[in-house]
Every structure is written in C-alpha cells, then in structure tokens.
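Engineer: Counting from 1456, one number per residue, gives the positions in the sequence shown under the numbering used here.
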Amino acid sequence: MTEHTTLQTAARLLPPRPDDGHKGTFGHVFLLAGSRRYPGAMRLACEGAGRSGAGLVTAGIPQTLIGVAAVTLLESMGLALPDTATGALGRDAIEPAMTFAQDKDSVVMGPGLGADDETLDFVLACVPRIAAPLVLDADGLNLVAKNVLCLIPRPTGSTIVTPHPGEMARLTGLSTKEVQSQRETVAASFAKTHRVIVVLKGFETIVAHPDGRMAINTTGNSGMGTGGTGDILAGLLGGLLAQGMEPWDAARLGVWLHGCAGDIAAQEFTARAMIARDVIACLPKAFATLEGTL
C-alpha cells in the first residue's frame, strides 16, 4: 500500500506537547557522531535533534573532539569516548557507549564517523546491542553495508536507515543507476529483507516499512542537495523517536518536516544558495506550518 505524506498527514502525526512537560517528558537522544575529519556532522545532527522538540541531546564523540564540542554544542551535552589514533570512534569506545545508551530513548549513529577499520568494528558491535529505536545514517550505513546481517537481530521496524542513492547502492550491491531506476522496489525489498524502515532520500523521498507499507514524501527541493542536510534529518528523526513516536510515524513526519523546512529556506535564501544550516533555521517555521492546521 502506497500513500503520499501531505500537510494533512503530517499534521495528524505531530506528537502532543503537554503544557506541563519538562526535559524528561520529551526524551533523551544519544548521537554517535563525528571524527577528526568530519567534526561538523555532530553539530548538524545535534541541532536537528534539538529542533525536533526532544528534551535532551547527548553527543557521544571521539575524545579528540571534546574541545570542539564545548564551543559548538551549546544546547547539547558531550560524552567523550576513547578514540583511535586518527580521531575516530574505535573498539575501546564500544563498552562505554553501550553503557550510556542503556536508558536513552533513541540512538542516532553515523554522521561523520569516518571509515576506519576500528570504526567498522565499533558500528558492527553496537548495532545489534542497542535496545532503543535506532537511526542509521551516513558512515553508519557505509559501514553496515560491509555486513548487513548485523541488522537482523534488531526488532522488526525498530531501525530507520536513511540512505541516499549511493549509500543504498552500497547496501544492496546494486549500482546507483539501478537504485534510481527502481526506487520503490529497492526500498521495499531492503525494508522487508532486513526488517528496517527505509528512508530512501532524493526527489520524492520514499519511506518503506518491512510490512509493505510505503509513503512518498511531498516536500523538498534541489537546494537540499548540499552537504550536511542528511545529518540534520538523522538528528530530527532521532528526536522524534525520543518523544515516543513509532518509527514508521517518526520517519514520515521527520521527512516531511525536513523537506518543508527546505522549501521555506529556498524561498528565503534561494535553492541555489542554500546551505544546511538554513534548513535548521527554518525547522521552527515548518513546525508552525503543521501546528496551524490542527
């Protein structure tokens, strides 16, 4: 069954915001992100999570980035984890990361992690052990592609994967051209086989559930084809999950909001001149668009 995620659909999915809520009410997101080579990814993902309405955001980052985090993650907390000689998360970070993740409401893994051999070990060891709903993005996906069976032990539908066409190609063994020529079929097949919710990014982003449900997004524009916008989406999805949303609903709502913020940003800054931070700046207006329809 295929549906289109419209303004009306997204408005119905918007989670309640009780007047007497507090930080604990709205969930705690744990992001595993960043490396010496890609320090900006952790900030964009954290700000995406923060703009989602989540109560708390903690970035689990390589020790080498803790100074950067102190001056850039103003609203988020930083958890310094043991890193490799190249400034990435490695084997020594597995146990402290998993200990911290035990009572968190959602986990986001992947933005800016890099592709070290030790980081591969970190990702493949952690994915099956995370109890919370999980968002896998960017380098997290590229590393999981080396052993996609690590997804199988996770409960059906508890994982959201957010590949662009190139990452989907690596996950499936297809070419990017093949992925693009049969987007719905590829997304549906991967979702069913690996028991995950697939967010196949691009024009009319596809959200596929392992039970066969599929949603086509109706927001977004070419200005979002710029580095960092995917990191924001990953954080936004993690934040919606932390607020107790079902992964299927969080995926559809998050993709719509992300695209709506991009559309607002294109109006303000033009699609040609947009950068990722413009999408973050416009997320409040995207939420206001939905809240005005209720």
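We put the CB at the ideal spot given by N, CA and C, even for glycine. Just so we're clear, the structure is a prediction, and the values are computed from it rather than from any experiment.
Residue 1525 to residue 1533, Cα distance in whole Å?
Structural biologist: As a working note, residue 1525 is residue 70 in the sequence shown. As a working note, residue 1533 is residue 78 in the sequence shown. Taking the straight line joining both Cα atoms gives about 8 Å.
Engineer: Exposed or buried, what is residue 1604 when buried is set at 16 or more other beta-carbons lying within 10 Å of its beta-carbon?
Structural biologist: As a first step, residue 1604 is located in the sequence shown; it is residue number 149 there, counting from the start. When all chains shown are included, residue 1604 counts as exposed.
Engineer: Going by DSSP, which residues form a beta bridge with residue 1671?
Structural biologist: Taking the first residue of the sequence shown as 1, we reach residue 1671 at position 216. Looking at the DSSP assignment, residue 1671 forms a beta bridge with 1459, 1661.
Engineer: Please name the residue in 1647, 1692, 1570, 1566 whose C-alpha comes closest to that of residue 1545.
Structural biologist: Working through the sequence shown from its first residue, we reach residue 1545 at position 90. Per the Cα distances, 1570.
Engineer: Residue 1517 lies in the beta strand (DSSP E); which residues open and close that run?
Structural biologist: Position 62 of the sequence shown, counted from the start, is the residue given in the question as residue 1517. Per DSSP, residue 1517 belongs to the beta strand (DSSP E) from 1511-1517.
Engineer: I need the straight-line Cα distance from residue 1676 to residue 1548, nearest angstrom please.
Structural biologist: Residue mapping note: residue 1676 aligns to position 221 of the sequence shown, counting from 1. Residue mapping note: residue 1548 aligns to position 93 of the sequence shown, counting from 1. Answer to the nearest angstrom: the Cα atoms are 38 Å apart.
Engineer: Looking at the strands, I want to know which residues DSSP matches up with residue 1535.
Structural biologist: Here residue 1535 refers to the residue found at position 80 when the sequence shown is read from its first residue. Beta-bridge pairing links residue 1535 to 1516.
Engineer: What residue from 1635, 1601, 1639, 1528 has the CA that sits closest to residue 1626's CA?
Structural biologist: On the sequence shown, position 171 is the one that residue 1626 refers to. Considering only alpha carbons, the answer is 1601.
Engineer: Buried or exposed: where does residue 1577 fall if 16 or more other Cβ atoms within 10 Å of its Cβ makes it buried?
Structural biologist: In the sequence shown, the residue the question calls residue 1577 occupies position 122. Buried: at least 16 other Cβ atoms inside 10 Å.
Engineer: Please say whether residue 1490 and residue 1514 have beta carbons closer to each other than 8 Å?
Structural biologist: The residue given as residue 1514 occupies position 59 in the sequence shown. The residue given as residue 1490 occupies position 35 in the sequence shown. Against a cut-off of 8 Å, the Cβ pair of residue 1490 and residue 1514 comes out as no contact.
Engineer: In whole angstroms, what is the alpha-carbon distance linking residue 1648 and residue 1665?
Structural biologist: Along the sequence shown, one-based indexing puts residue 1648 at 193. Along the sequence shown, one-based indexing puts residue 1665 at 210. Going by the C-alpha atoms only, they are around 7 Å apart.
Engineer: DSSP three-state call for residue 1645: helix, strand or coil?
Structural biologist: Numbered from 1 along the sequence shown, position 190 holds the residue referred to as residue 1645. Residue 1645: helix per DSSP, three-state reduction.
Engineer: If we ignore side chains and look at the alpha-carbon of each, how far apart do residue 1512 and residue 1458 end up?
Structural biologist: Within the sequence shown, numbered from 1, the residue matching residue 1512 stands at position 57. Within the sequence shown, numbered from 1, the residue matching residue 1458 stands at position 3. If you take the alpha carbons of residue 1512 and residue 1458, they lie about 32 Å apart.
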